[in-house]
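Asker: Shown below is the structure under consideration.
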Amino acid sequence: MCLDLIQEMIETKDLTKIFTIKKAADIPAVVGLTLSVAEGEVFGFLGPNGAGKTTTVRMLTSLIGPTSGTARVNGFTVGEADQDIRRSVGILTESPGMYERLSASKNLDIYAHLYDVADVDGQVDKYLRMLGLWSRRDDPVGSFSKGMRQKLAIARALLHEPQLLFLDEPTSGLDPEAARLVRSFIQELRDQGRTIFMCTHNLNEADRLCDRIGIFKSRLIEVDTPENLRKKLFGRKVVFHLREVHPGWLDPIRELEGVLDLQIVDKKLVIAMDNPDILNPQIIRALVQSGADILFVGELRHSLEDIYLQTMRDTAEEEVAG
Ligand SMILES: Nc1ncnc2c1ncn2[C@@H]1O[C@H](COP(=O)(O)OP(=O)(O)O)[C@@H](O)[C@H]1O
Ligand SMILES: [Mg+2]
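Positions 717 to 1038 (the working numbering) are the ones given, in order, by the sequence shown.
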């Protein structure tokens, strides 16, 4: 893969936002954020409440100015081409406001005009149909469920066909069914090749949808693919299910180079290692030579939640240690 050819849709360098409030301590909401998001990438910005995710999105969409640092979005520089940035990106905010008494199509119509969309009716129709709101297009938004509102808000963010989309907690507050619909729609947007920057505190969501995840709490703590985050923070664990386990079989395995840890759980061996491709065959050979019946072998996947909590714990400990 030639990295030079990949266009960066978002590039930040030391981006920082410190809120200063009279007679109160400063709030360092975002500190020294350096990050790139490539074209076509779905990037998950994962962090707890108050981490500074929304503040970051507001800076990247030129709604508030940074205290220091720089950012380029869609090729435009924050602070220099704010109008271009706002026009070229789509934003789903945390609690999108709608005109409650107006119909779904009227709400979209107003936005399409605001964004100077060329074919207003065509675009409004397209997204009402795509998000399954067509049959309710003439109903006032006040009568919509949370899930329908969220879909309408996503439609609104897409009317001007932005290639870069910011989704701030797109499924928060939705029931499971509505959340599933919104997720599958995000998947569709991704398949269309759009770049998505998605804030979330939902770990499974980030795992399922995102190419890379940045774990963030005022500072960027880790950035990688979900798979690499698992490996990086935990090594890998392989489970060998045996018919029987005899203690005598274990020593030859412990002695193999690269075995980091070995535990016995019922009739399973749980072995931590860095490189299963090399070690698994050696372990299997050793077990068979000892006379073991191997029923099956599988890799134990850590949930992102473990990683997330672990990372947050590590950061807290570092802070305490100073
Ligand atoms: N306009 C503002 N004025 C002062 N403080 C703010 C403002 N917006 C956000 N903050 C503070 O910045 C921190 C990060 O908030 P936010 O970006 O909303 O986090 P998140 O979206 O990750 O939950 C919080 O401590 C919040 O109280
Ligand atoms: Mg937020």
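Quick reminder that beta carbons are idealized off the backbone N, C-alpha and C, glycines included. Since we're looking at a predicted model, the values are computed, not measured.
Taking contact to mean at least 3 C-beta pairs separated by less than 8 Å, is the region 728 to 736 in contact with the region 885 to 902?
Answerer: no
Asker: How far does the beta strand (DSSP E) with residue 973 in it reach, from first residue to last?
Answerer: To locate residue 973, count along the sequence shown from 1; it is residue 257. Element bounds for residue 973: n/a, residue is neither H nor E.
Asker: Taking the alpha carbon of residue 757 as the point to measure from, which residue in 1000, 812, 987, 879 has its own alpha carbon closest?
Answerer: Reading the sequence shown from its first residue, position 41 is the one you call residue 757. Among 1000, 812, 987, 879, the Cα nearest to that of residue 757 belongs to 879.
Asker: Could you tell me which of 1017, 964, 1004 sits nearest to residue 989, measuring between CA atoms?
Answerer: Indexing the sequence shown from 1 puts residue 989 at position 273. Considering only 1017, 964, 1004, the residue with the shortest C-alpha distance to residue 989 is 1017.
Asker: Note down, in chain order, each residue of its chain lying with its Cβ closer than 7 Å to the Cβ of residue 895, except the 5 sequence neighbours on either side.
Answerer: As a working note, residue 895 is residue 179 in the sequence shown. 887.
Asker: List the residues that DSSP assigns as beta-bridge partners of residue 979.
Answerer: Working through the sequence shown from its first residue, we reach residue 979 at position 263. Its beta-bridge partners are 986.
Asker: Using the three-state DSSP reduction, which class does residue 860 fall into: helix, strand or coil?
Answerer: Here residue 860 is taken as the residue at index 144 of the sequence shown, counted from 1. Three-state DSSP puts residue 860 in coil, outside helix and strand.
Asker: Assign residue 935 to one of three DSSP states: helix, strand, or coil.
Answerer: Here residue 935 corresponds to residue number 219 of the sequence shown, with the count starting at 1. DSSP places residue 935 in strand when its eight states are reduced to three.
Asker: Going by the beta-carbon positions, is the gap between residue 728 and residue 785 smaller than 8 Å?
Answerer: Indexing the sequence shown from 1 puts residue 728 at position 12. Indexing the sequence shown from 1 puts residue 785 at position 69. Yes.
Asker: Compute every distance between the C-beta of residue 809 and the non-hydrogen atoms of ligand 2, then say whether any falls below 7 Å.
Answerer: Residue mapping note: residue 809 aligns to position 93 of the sequence shown, counting from 1. Not under cutoff, so the answer is no.
Asker: What did DSSP end up calling residue 734 once you bin it into helix, strand or coil?
Answerer: For the purposes of this step, residue 734 is identified with residue 18 of the sequence shown, where counting begins at 1. Residue 734 falls in the strand class under three-state DSSP.
Asker: Are there any heavy atoms of ligand 1 lying less than 7 Å away from the beta-carbon of residue 765, as far as the coordinates show?
Answerer: Counting from one through the sequence shown, the residue named residue 765 turns up at place 49. Yes, Cβ of residue 765 sits closer than 7 Å to a heavy atom of ligand 1.
Asker: Looking at ligand 2, does it come within less than 7 Å of residue 769, judged from the CB to the closest heavy atom?
Answerer: Counting from one through the sequence shown, the residue named residue 769 turns up at place 53. Yes - ligand 2 has a heavy atom lying nearer than 7 Å to the Cβ of residue 769.
Asker: On a Cα-Cα basis, can you pick out the residue from 877, 769, 983, 747 that is closest to residue 913?
Answerer: Position 197 of the sequence shown, counting from 1, holds the residue named residue 913. The option with the nearest alpha carbon to residue 913 is 769.
Asker: Tell me whether residue 884, by its Cβ, gets closer than 7 Å to a heavy atom of ligand 2.
Answerer: Mapped onto the sequence shown, residue 884 falls at position 168. Relative to ligand 2, residue 884 has its C-beta within less than 7 Å of a heavy atom.
Asker: Counting only the same chain and skipping the five closest in sequence on each side, list residues whose C-beta sits under 6 Å from that of residue 927.
Answerer: Translated into positions along the sequence shown, residue 927 becomes position 211. 757, 758.
Asker: Using a Cβ-Cβ cutoff of less than 8 Å, which residues in the same chain neighbour residue 724 once the five nearest sequence positions on both sides are dropped?
Answerer: Residue numbering aside, residue 724 sits at position 8 when the sequence shown is read from its first letter. Result list for residue 724: 752, 753, 754, 755, 788, in chain order.
Asker: Taking a contact to mean a Cβ-Cβ separation below 8 Å, would you say residue 1010 touches residue 969 in this structure?
Answerer: Taking the sequence shown and counting its residues from 1, the one referred to as residue 1010 is at position 294. Taking the sequence shown and counting its residues from 1, the one referred to as residue 969 is at position 253. Going by C-beta atoms, residue 1010 is not nearer than 8 Å to residue 969.
Asker: On a Cα-Cα basis, can you pick out the residue from 966, 943, 800 that is closest to residue 1001?
Answerer: Locating residue 1001 in the sequence shown gives position 285, where the first residue counts as 1. Checking every option, the nearest Cα to that of residue 1001 belongs to 966.
Asker: With a Cβ-Cβ cutoff of 8 Å, do residue 961 and residue 986 count as a contact?
Answerer: Position 245 of the sequence shown, counting from 1, holds the residue named residue 961. Position 270 of the sequence shown, counting from 1, holds the residue named residue 986. No. Outside cutoff.
Asker: Taking 7 Å as the cut-off, is the C-beta of residue 787 nearer than that to any heavy atom in ligand 1?
Answerer: Indexing the sequence shown from 1 puts residue 787 at position 71. Residue 787 has its Cβ no nearer than 7 Å to any heavy atom of ligand 1.
Asker: May I ask whether a heavy atom of ligand 1 can be found less than 7 Å away from the beta carbon of residue 1008?
Answerer: If you number the sequence shown from 1, residue 1008 lands on position 292. Here the distance from the Cβ of residue 1008 to the nearest heavy atom of ligand 1 is not below 7 Å.
Asker: Taking residue 701 and residue 959 to be in contact with their CB atoms under 8 Å, please state how far apart those CB atoms are, rounded to whole angstroms.
Answerer: Residue 701 is absent from the structure shown; the chain starts at 717 and stops at 1038.
Asker: Count the other CB atoms within 10 Å of the CB of residue 1030; is the residue buried (16 or more) or exposed (fewer)?
Answerer: Translated into the one-based positions of the sequence shown, residue 1030 becomes position 314. The residue is exposed, with fewer than 16 neighbouring Cβ atoms inside 10 Å.
Asker: Taking all protein chains shown into account, do 16 or more other C-beta atoms lie within 10 angstroms of the C-beta of residue 916, making it buried, or fewer, making it exposed?
Answerer: Stepping through the sequence shown from its first residue, residue 916 is reached at position 200. Answer is buried; the Cβ neighbour count reaches 16.
Asker: Taking the alpha carbon of residue 743 as the point to measure from, which residue in 864, 726, 767 has its own alpha carbon closest?
Answerer: In the sequence shown, the residue the question calls residue 743 occupies position 27. Here the closest residue by C-alpha is 767.
Asker: Which of helix, strand or coil does DSSP assign to residue 916?
Answerer: For this step, residue 916 is matched to residue 200 along the sequence shown. Here residue 916 sits in strand by DSSP.
Asker: Using 10 angstroms around the beta-carbon of residue 760, count the other beta-carbons present and answer buried if the total reaches 16, otherwise exposed.
Answerer: Residue numbering aside, residue 760 sits at position 44 when the sequence shown is read from its first letter. Residue 760 should be labelled buried.
Asker: Output the distance between the C-alpha atoms of residue 1007 and residue 963, rounded to the nearest integer angstrom.
Answerer: Here residue 1007 corresponds to residue number 291 of the sequence shown, with the count starting at 1. Here residue 963 corresponds to residue number 247 of the sequence shown, with the count starting at 1. Straight through space, the alpha carbons of residue 963 and residue 1007 are spaced by roughly 12 Å.
Asker: Do residue 1024 and residue 762 have their CB atoms nearer than 8 Å?
Answerer: The residue you call residue 1024 lines up with position 308 of the sequence shown. The residue you call residue 762 lines up with position 46 of the sequence shown. It is a contact, given that the beta carbons lie within the stated cut-off.
Asker: Consult DSSP for residue 1017 and reduce its assignment to one of helix, strand or coil.
Answerer: In the sequence shown, residue 1017 corresponds to position 301, counting from 1. Residue 1017: coil per DSSP, three-state reduction.
Asker: I need the DSSP call for residue 807, collapsed to helix, strand or coil.
Answerer: Against the sequence shown, residue 807 aligns to sequence position 91. Three-state DSSP puts residue 807 in a strand.
Asker: If we ignore side chains and look at the alpha-carbon of each, how far apart do residue 911 and residue 919 end up?
Answerer: By 1-based counting over the sequence shown, the position of residue 911 is 195. By 1-based counting over the sequence shown, the position of residue 919 is 203. Rounded to the nearest angstrom, the two C-alpha atoms are 20 Å apart.
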